[in-house]
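Remarks on the structure that follows.
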Amino acid sequence: MQRNSRCHGEGRVDLVTGFMVLYQVFGLETLGNLFPNLARIRGNSLLNNYALIVYDVSDLREVGLHNLLKIDRGGVIIWGNPLTCFVDTIDWDAIAPRSRHVLSIPDRQALCNFPCTCSDVSARNRCWNNRKCQRFLEGPEGEDCNSQCLGCRNTNHSSCSLCRNYSYRGECVPRCPDDTFILSASNYCITKAECLQLSHWIFNEYCVSECPEDYKEETNNGTVSCVFCKDCHLICNNLDIQSLSKIQDAERCVYVHGYLKIHIWSEPQIVDELNYYLKNIEEVSDYVLIYSSMQITSLHFLSSLKRIKGEKLYNGSYSFVVHNMQNLQSLFLPNVTQNLKVDNGFLGIYQNRMLCMTEIEKLKSKFPIGPPEIDVYSDRLNGYGAGCGEISANLTIDVKNETFAIATFYPSKESNVHYSLLYVKISHGSHISIVPESCSDAEWSAVDIQNTNKKAVKIELSALKPATTYAVCIEKYNTKSRHLARSNITNFTTAVGKPELPFILELVASSFNAIVIRWVNHLDYRPFITKYELDVILVDIDDRDINVRDHCVLMDDDLFEIDYSRHAKVMRPPNNYEKGCESTCGILSSVTKGSMVEEYFDVCSVINGCDYEIDRPGNSSYRDIIQSLILDLIDHKNNSYQVADLLPYRDYRFHLRACTADHCSRSARGVVRTLRLDSADVASITVAKANKSGYIDVKWDPPLQTNGPLLSNTIEVYSDAQIYDIKHLLPQTLCVPGNATSSIMKSKVAEKYLIRICTTTLGNTYICSEWKKVLVSTENESSWWWYGMLLGIILPMFSCILGWHLTVRIKETENIPLVDATFTMRQESEAPATMFTDFMPSNYIALSNLHFK
35 MQRNSRCHGE GRVDLVTGFM VLYQVFGLET LGNLFPNLAR IRGNSLLNNY
85 ALIVYDVSDL REVGLHNLLK IDRGGVIIWG NPLTCFVDTI DWDAIAPRSR
135 HVLSIPDRQA LCNFPCTCSD VSARNRCWNN RKCQRFLEGP EGEDCNSQCL
185 GCRNTNHSSC SLCRNYSYRG ECVPRCPDDT FILSASNYCI TKAECLQLSH
235 WIFNEYCVSE CPEDYKEETN NGTVSCVFCK DCHLICNNLD IQSLSKIQDA
285 ERCVYVHGYL KIHIWSEPQI VDELNYYLKN IEEVSDYVLI YSSMQITSLH
335 FLSSLKRIKG EKLYNGSYSF VVHNMQNLQS LFLPNVTQNL KVDNGFLGIY
385 QNRMLCMTEI EKLKSKFPIG PPEIDVYSDR LNGYGAGCGE ISANLTIDVK
435 NETFAIATFY PSKESNVHYS LLYVKISHGS HISIVPESCS DAEWSAVDIQ
485 NTNKKAVKIE LSALKPATTY AVCIEKYNTK SRHLARSNIT NFTTAVGKPE
535 LPFILELVAS SFNAIVIRWV NHLDYRPFIT KYELDVILVD IDDRDINVRD
585 HCVLMDDDLF EIDYSRHAKV MRPPNNYEKG CESTCGILSS VTKGSMVEEY
635 FDVCSVINGC DYEIDRPGNS SYRDIIQSLI LDLIDHKNNS YQVADLLPYR
685 DYRFHLRACT ADHCSRSARG VVRTLRLDSA DVASITVAKA NKSGYIDVKW
735 DPPLQTNGPL LSNTIEVYSD AQIYDIKHLL PQTLCVPGNA TSSIMKSKVA
785 EKYLIRICTT TLGNTYICSE WKKVLVSTEN ESSWWWYGML LGIILPMFSC
835 ILGWHLTVRI KETENIPLVD ATFTMRQESE APATMFTDFM PSNYIALSNL
885 HFK
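Note that the sequence shown covers residues 35 to 887 in this note's numbering.
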């Protein structure tokens, strides 16, 4: 962390010129006590494109940089801090605009339910904690300061927190005084003496510690200055490359002022390093010397070389010398050989056993003076270990299918001759000269030819790879003279067939409704790809599956932390796929800054059945929501695509296939989640009523847009005794399922309440609507009083009528029959149901008329 020269301790730091990182600091609960005055981070130097990183601080309760106003360059990472609240209550885009921010959600046990009460406008209701509101430079909440200020005191608009332009003697000024110079790191105005005291020097009204591009540092009589030097940052002095570190030092070199020496005995991957770091060299002023480097098979790494001046020569005679290169097979690329200019000196090439004279002859004419024959033209000097002799075999290849071909050649009728066919896989369009003796990565296969008595000999080549180019030649060995000769190398390509699937490099959510996909092709199939098929499918969650779990009770899991990391997937491709600069240089596209690059792991090699294919889903939607989308991308040269109009914080499954003219590959698959929409997840209360008994009836409309499924709703209530201390008291809450839109809750008896509805979605742990004030209504009590009075009148009347009716009924039931009306007609075998099928007149005697003695 860099800080300004006025600071004598962390508490007085108000400016960081570079970046600021806090990592694994234990016991720290807030940064506000350490850096209460920090107002600006310039970001002159960044850590992986980020200017503020707070990572894995386990005890941190809040960020608390309440005076931080501006981050000029770079983004923000707040991640891996399980107890940190008030991360999403800060408008980081206002502090660090046009930058990517990586923010984590705290654990449930952090209990981050303290509301911001800084503004009535929800977009500006931002705070660092429940006591400190966020300060803004612009907008409705922007501070009204002097034009030279970057933030100021509320009581004095000219008392600047930081200077917008320059600072001189504690004052903010639009430009530095005439007798001062600008300290480039902090925009302070200082004198020349103060500049020299810092071990800096003056250049173009600035106090600098290094010279800018196209200038070099020069010291005369103890005075340091910057002198103009065109392309001097591209000029290197003598390059003596003997290790990997020396190779990397040559990365910026275009002009070598002196000699270029290369002597690397045996280093792994040395050729790749040479190709990358020496590719810019165009000119060498003295000579080039390459010797005793086992891994080098060609000089193609000097792909930009245009001139060797020969101002100073090796051993006083040579400007280009190559010797003792055990595996060197070829010299420069054809375009380099054709355009190379050598001003002075001899060509010296000797003791290179694999380098044939045909290669040397291509370069000989470029030198103004021909080399002495003893330096080049001896079998003992070059090509003595290779098959430099050539034969005419009329070799032809007949490709039958993806894995099979037949080679035909015409042998000579010499005796003591043995023939072999050699073939090797090469890259498409390759023009590199390779020979079987090379110890390079190329693995030659040999077919021993036994019967050569026929005029035309056919050799079957099986187990070939589809869509692959092979180099093939016939080798003839005379057992008597021990002379080895080969035919010219012939290239052929097998049939394509079904291509290999593309490799997804990046699957990244660029916004809340857009996802970017980038991919590369298999090297063997790249030339044959004509189009791509892309299927995008919403991974939806049914409401019944959501409600299986009680999200009001099960709140102590890490669901949010796990899912939040699914917005970007960046993979490094395997070796048989194309390599973009994003893979080799570690530089990702603009939408993936901060993404972690993962190594490729072939899941299908360990899990059987993962390579199944399903039919394309077709375009479908439900309630204006895209369920699936199919696209045919006919521009086969474009390896990226952005899919827009998606839902926020939802998982989408991508299936990508590469197609040739006849077949399509298997699907490359990936799942990624869109980013969170800040304005989503806010429900709105439509009805809120309360009575004197403390019952509150609330109805609401669910959010118009949600960040993933709606998991639960929580009603928060403050009674009138709590309203004036809302910042320090927790509300009474009632949690209901996510599909509920109304509820009645019992609260304390009060005359008025503050009510709001808060939602929990997959993308937001807790986001609330505006507070709604509810006054207790007395209408319901009056109605209940009238209902009670009417009930008190009607109930006695009903009781009287019911009693009279029962009295009459009792008198009727006192009459009993003397004779069974069906006795004489009923058969014993009849069912009981026939007892009441026939009735006759009956005589009754009232019990009251009977007298018993």
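All C-beta atoms in this analysis are idealised placements derived from N, C-alpha and C, irrespective of residue type, glycine included.
Which residues DSSP lists as bridging residue i, in chain order
| i | result |
| --- | --- |
| G382 | V355 |
| W113 | Y89 |
| L362 | Beta-bridge pairing links L362 to no other residue. |
| T527 | T503 |
| C752 | Inspection of the sequence shows that residue 752 is occupied by Tyr rather than by Cys. Its beta-bridge partners are L788. |
| Y289 | I269 and E317 |
| V376 | I342 |
| D248 | In DSSP, D248 forms no bridge with anything. |
| A702 | L690 |
| F537 | V554 |
Whole-angstrom distance between residue j and residue i, CA atom to CA atom
| i | j | result |
| --- | --- | --- |
| I315 | T371 | 15 Å |
| N416 | L232 | 60 Å |
| V770 | T151 | 25 Å |
| F60 | N78 | 28 Å |
| N773 | R583 | 13 Å |
| S181 | C223 | 18 Å |
| T430 | L456 | 13 Å |
| Y787 | H191 | 39 Å |
| E395 | G404 | 11 Å |
| R40 | V155 | Its pLDDT being 43, under 50, R40 is placed unreliably by the model, and the measurement read from it follows with that caveat. Going by the C-alpha atoms only, they are around 38 Å apart. |
| N255 | F262 | 19 Å |
| P561 | N610 | 14 Å |
| E477 | C693 | 29 Å |
| R198 | G176 | 15 Å |
| P651 | S662 | 7 Å |
| K461 | N512 | Per the sequence presented here, residue 461 reads as Ser, with Lys not at that position. If I take the Cα positions, the gap works out to 32 Å. |
| Y202 | C210 | 7 Å |
| Y57 | C186 | 31 Å |
| N221 | R790 | 48 Å |
| H670 | V305 | 31 Å |
| K514 | S479 | 25 Å |
| V808 | V542 | 45 Å |
| F443 | S449 | 17 Å |
Buried or exposed by the 16-neighbour rule on C-beta atoms within 10 Å, applied to residue i
| i | result |
| --- | --- |
| R286 | exposed |
| I330 | buried |
| V47 | buried |
| N272 | exposed |
| K603 | buried |
| V573 | exposed |
| D122 | buried |
| V705 | exposed |
| M359 | buried |
| P889 | As shown, the chain starts at 35 and ends at 887. That puts residue 889 outside it, with no answer to give. |
Whole-Å CB distance - residue i paired with residue j, under 8 Å assumed
| i | j | result |
| --- | --- | --- |
| I216 | C245 | The pair is not a contact, with the Cβ atoms about 16 Å apart (cut-off 8 Å). |
| Q605 | I563 | A small correction: the amino acid at residue 605 is Met; Gln does not occupy that position in the sequence shown. In fact, because the Cβ distance is near 19 Å, the residues do not count as touching under 8 Å. |
| S364 | S332 | 4 Å |
Simplified DSSP assignment, three categories, for residue i
| i | result |
| --- | --- |
| Q231 | helix |
| P743 | coil |
| T371 | helix |
| S863 | Summary for S863: the model assigns pLDDT 39, below 50, so the residue's position carries little reliability; its value from the coordinates is reported in the next sentence. Coil, per DSSP. |
| W734 | strand |
| K396 | helix |
| V305 | helix |
| N271 | strand |
| G176 | strand |
| M54 | strand |
| M831 | helix |
| K295 | strand |
| L667 | strand |
| P771 | strand |
| C619 | Its pLDDT being 34, under 50, C619 is placed unreliably by the model, and the measurement read from it follows with that caveat. Note: C619 maps to coil in three-state DSSP. |
| W126 | helix |
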